[in-house]
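A quick write-up on the structure given underneath.
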RNA sequence: GAUCCCGUAGCUCAGUUGGAUAGAGCAACUGCCUUCUAAGCAGUAGGCCAUUGGUUCGAAUCCAAUCGGGAUCACCA
């Protein structure tokens, strides 16, 4: 509709004033609440060419459109704006079309293939709040891109080798005494994470004398015995020592087992996992190939570097002087492998904004290597999650643990539900299912409603709300509608409704429902789930207003009942779709 | 020091490619459940859109400078 208005306005300006205007240049907005109308055209841009007052130009254009477009019921001019009010017949027709389209909100296939990497945990400690944001954003963006017609493949990357897991291994070797997750009753990832924290404790103790001598923290850590063991493990691993590999496999296995439970709880899945341990060699080969081609340089100590000083960045190490790989080495290998696996049109990396620099380097390095997929790389960066006292620090154990937080949310949902006395008539299984839907809904909505690029403040003291601009608010609207649909006896899926006039509140809902496809395309273009979250809220709010002011089932005219149930059903469908894009489930009752 | 991000109500955030009187939620205060679920609805109050200057019919939005906050610039990942 916006496009039609744009085109007609351009025609109007051309015919009335003899000035060519591109249709895209015409500004069409939704009419703000306090004015009458549905769409508003800004006419200031034409005033000069017309040599008339803004009011006159507005009237001219308004007249022109009203005679050409039957959907225009009326128009009014305020200062430099023409507000067009569209006919109820138009909105009814729009509604019937939307209601009849099962695929409403699903765009046609674009043929674009996207590989989206997310989660990307290290295997030395459990998942935390930052990972939750990563998982939710990645999962949601993938769903949104699919809805926008792209073919999306979700993949995960495990940073399963290197110095960090070696630290957990070293601490376990020294202090573990053969303990296992089973024997200790701990979840696998928490178990291994415990030894990572223990490593830091031991290292800090052992480093103290060196710090007293005036060494910097990092230097002092390198002097410690436990660090020596860690490095030994790391070198032996790369040398292929069977005992070290065995220990490494066992400890990683524990971690994967633990991660799996968390993924399942959050409804997160991926199609394929990549492992640093399986890609670093390929990365090293590619780097050495680059050295042979002369695009990288080798220092006398044997380390290999890429020089990005022409691109305003520094020189970066690609292979250490001892021949071992660094973080970026594996990413080069992973990118290459992934490209060969999928032949994608785009490679998206959902990774925190602290790594913006890293991805710039990665992209430029691959460009220097002449890789065809270098331009396909897109770093979808999201902001860190802050606690009131600042950044989370996992090495100090100052983190909000993912599993703890999820458990807490479910408990809060249960408390709320019981307090409101809403468990009546539910069996235990239904009830616990509901707590899960609501608790996770609250958590996911909380994390996705703010723009992913922004930093997010999380205060564990203030529990996540269940009222207002929240997931449960939207879910509640859905549950209410479902309740009405259960009570209504009749067919509301009529192709036509014998109505001629719309109540303003009814029209508001049709207008909101109509926005879903546009919302999805904006969200897809900006990789931003918060657009969808805000849409769901706005739709629910619009419906709640009608619900409070008008009756849906108890009208004198049965046609009104039928139509309003149809409106409600369509609202519920859109809510369900929007929440689905956020990875949030909807309850039949709550 | 260099590069990048961010400053909107007491708090957490929206605010389309520059458009009309800057919007929600939380917290505070008022009302509304003998009709479809009150996890709701209606209302009151709360703003020098960090500051200054510029661009123009028009700026929270674009540009510049300043102030404040953050991230990154590891032979960590």
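In the numbering used here, the protein residues as written are 105 to 694.
All C-beta atoms, glycine included, are put in the ideal place defined by N, C-alpha and C.
Residues near residue 399 in its chain [Cβ-Cβ closer than 7 Å; skip 5 each side]: In the first chain, counting from the first residue as 1, residue 399 sits at position 295. For residue 399, where only same-chain residues beyond five positions count, the Cβ hits under 7 Å are 472, 473.
What is the DSSP secondary structure of residue 456, reduced to helix, strand or coil? For the purposes of this step, residue 456 is identified with residue 352 of the first chain, where counting begins at 1. DSSP places residue 456 in strand when its eight states are reduced to three.
For residue 226, which residues does DSSP report across the bridge? Numbered from its first residue, the first chain carries residue 226 at position 122. Its beta-bridge partners are 263.
Please state whether DSSP places residue 157 in a helix, a strand or coil. Taking the first residue of the first chain as position 1, residue 157 is located at position 53. If DSSP states are grouped into helix, strand and coil, residue 157 belongs with coil.
Helix, strand or coil for residue 419 per DSSP? The sequence position of residue 419 within the first chain is 315, counting from 1. It is a strand residue.
Might you give, ordered along the chain, the residues of its own chain that have their beta carbon closer than 6 Å to the beta carbon of residue 121, omitting 5 neighbours on each side? The residue labelled residue 121 in the question sits at position 17 within the first chain. If we look at residue 121 and ignore the five residues flanking it on each side, its Cβ neighbours are 153, 154.
Along the chain, which unbroken stretches of the beta strand (DSSP E) at least 3 residues long are found entirely within the stretch 342-401? 376-379
Do the CB positions of residue 635 and residue 644 come within less than 8 Å of each other? Numbered from its first residue, the first chain carries residue 635 at position 531. Numbered from its first residue, the first chain carries residue 644 at position 540. The answer is no: Cβ separation not under 8 Å.
Are there 16 or more other CB atoms within 10 angstroms of the CB of residue 224, so buried, or fewer, so exposed? By 1-based counting over the first chain, the position of residue 224 is 120. Buried, because 16 or more other Cβ atoms sit within 10 Å of the Cβ of residue 224.
Can you tell me whether residue 442 is buried or exposed, with buried defined as 16 or more other CB within 10 angstroms of its CB? Looking up residue 442 in the first chain gives position 338. Residue 442 is buried by the Cβ-count criterion.
Using a Cβ distance threshold of 8 Å, determine whether the stretch 327-338 contacts the stretch 300-310, with at least three qualifying pairs required. yes
According to DSSP, which residues form a beta bridge with residue 483? As a working note, residue 483 is residue 379 in the first chain. According to DSSP, which records beta bridges pairwise, residue 483 is partnered with 453.
Residue ranges of each alpha helix (DSSP H) within the stretch 180-262, 4 or longer: 192-203, 233-251
Can you tell me where the alpha helix (DSSP H) holding residue 680 begins and where it ends? One-based indexing of the first chain puts residue 680 at position 576. It spans 662-685 - the alpha helix (DSSP H) in which residue 680 sits, taken as one unbroken run.
Could you check the C-alpha separation between residue 678 and residue 577 for me, to the nearest Å? One-based indexing of the first chain puts residue 678 at position 574. One-based indexing of the first chain puts residue 577 at position 473. Their Cα atoms are separated by approximately 15 Å.
Beta-carbon contacts of residue 653 that lie in its chain and below 8 Å, excluding the five residues immediately before and after: Translated into positions along the first chain, residue 653 becomes position 549. Excluding positions up to five away in sequence, the list reads 609.
Work out the CA separation of residue 633 and residue 248 for me, nearest whole Å. Position 144 of the first chain, counting from 1, holds the residue named residue 248. Position 529 of the first chain, counting from 1, holds the residue named residue 633. About 8 Å.
What's the gap between the Cα of residue 466 and the Cα of residue 319? Working through the first chain from its first residue, we reach residue 466 at position 362. Working through the first chain from its first residue, we reach residue 319 at position 215. Their backbone Cα atoms lie some 33 Å apart in a straight line.
So, at 8 Å on beta carbons, what are the nonlocal neighbours of residue 358 in its own chain, with the 5 sequence-adjacent residues on each side left out? The residue given as residue 358 occupies position 254 in the first chain. Same-chain partners within the cutoff: 284, 285, 292, 293, 295, 296.
Could you tell me if residue 150 is buried or exposed, where buried requires 16 or more neighbouring beta carbons within 10 angstroms of its beta carbon? Working through the first chain from its first residue, we reach residue 150 at position 46. Classification of residue 150: buried, given that the 10 Å Cβ count is 16 or more.
In this structure, how does DSSP classify residue 604 when only helix, strand and coil are distinguished? In the first chain, counting from the first residue as 1, residue 604 sits at position 500. Looking at residue 604 - three-state DSSP - the assignment turns out to be coil, as it is neither helix nor strand.
Output the boundary residues of the beta strand (DSSP E) element that contains residue 133. Stepping through the first chain from its first residue, residue 133 is reached at position 29. That run of the beta strand (DSSP E) goes 132-134.
So what's residue 623 in DSSP terms, helix, strand or just coil? Here residue 623 refers to the residue found at position 519 of the first chain. If DSSP states are grouped into helix, strand and coil, residue 623 belongs with the helices.
Specify the secondary structure class of residue 503 as computed by DSSP and reduced to three states. Stepping through the first chain from its first residue, residue 503 is reached at position 399. Here residue 503 sits in coil by DSSP.
Does the contact criterion of 3 or more C-beta pairs under 8 Å hold for the stretch 248-262 versus the stretch 507-526? no
When you compare only the Cα positions, how much space is there between residue 147 and residue 185? The sequence position of residue 147 within the first chain is 43, counting from 1. The sequence position of residue 185 within the first chain is 81, counting from 1. Whole-angstrom Cα-Cα distance: 6 Å.
Taking C-alpha atoms, which residue in 351, 316, 233, 325 lies nearest to residue 280? Locating residue 280 in the first chain gives position 176, counting from the first residue. Taking only the C-alpha atoms, the option nearest residue 280 is 351.
DSSP-derived helix/strand/coil call for residue 425: For this step, residue 425 is matched to residue 321 along the first chain. The answer is coil: DSSP assigns residue 425 none of H, G, I, E or B.
Who does residue 411 pair with in a DSSP beta bridge? The residue labelled residue 411 in the question sits at position 307 within the first chain. Beta-bridge pairing links residue 411 to 419.
What is the DSSP secondary structure of residue 178, reduced to helix, strand or coil? Taking the first chain and counting its residues from 1, the one referred to as residue 178 is at position 74. Correct three-state label for residue 178: strand.
Proximity of residue 145 and residue 131 at Cβ, strictly below 8 Å: Taking the first chain and counting its residues from 1, one reaches residue 145 at position 41. Taking the first chain and counting its residues from 1, one reaches residue 131 at position 27. Yes, the Cβ-Cβ distance between residue 145 and residue 131 is below 8 Å.
Pairing CB atoms from the stretch 231-244 with CB atoms from the stretch 186-204, are three or more of them under 8 Å? no
Touching or not, the stretch 551-558 and the stretch 528-542, by the rule of three or more beta carbon pairs under 8 Å? no
Is residue 596 helix, strand or coil by DSSP? For the purposes of this step, residue 596 is identified with residue 492 of the first chain, where counting begins at 1. The answer is coil: DSSP assigns residue 596 none of H, G, I, E or B.
Looking only at its own chain, which residues have a Cβ that is under 7 Å from the Cβ of residue 616, when we skip the five neighbours before and after it? The count along the first chain starts at 1 and reaches residue 616 at position 512. Same-chain partners within the cutoff: 642, 643, 646.
Let me know the secondary structure DSSP gives residue 437 once reduced to three states. What you label residue 437 is simply residue 333 of the first chain in a count that begins at 1. Three-state DSSP puts residue 437 in a helix.
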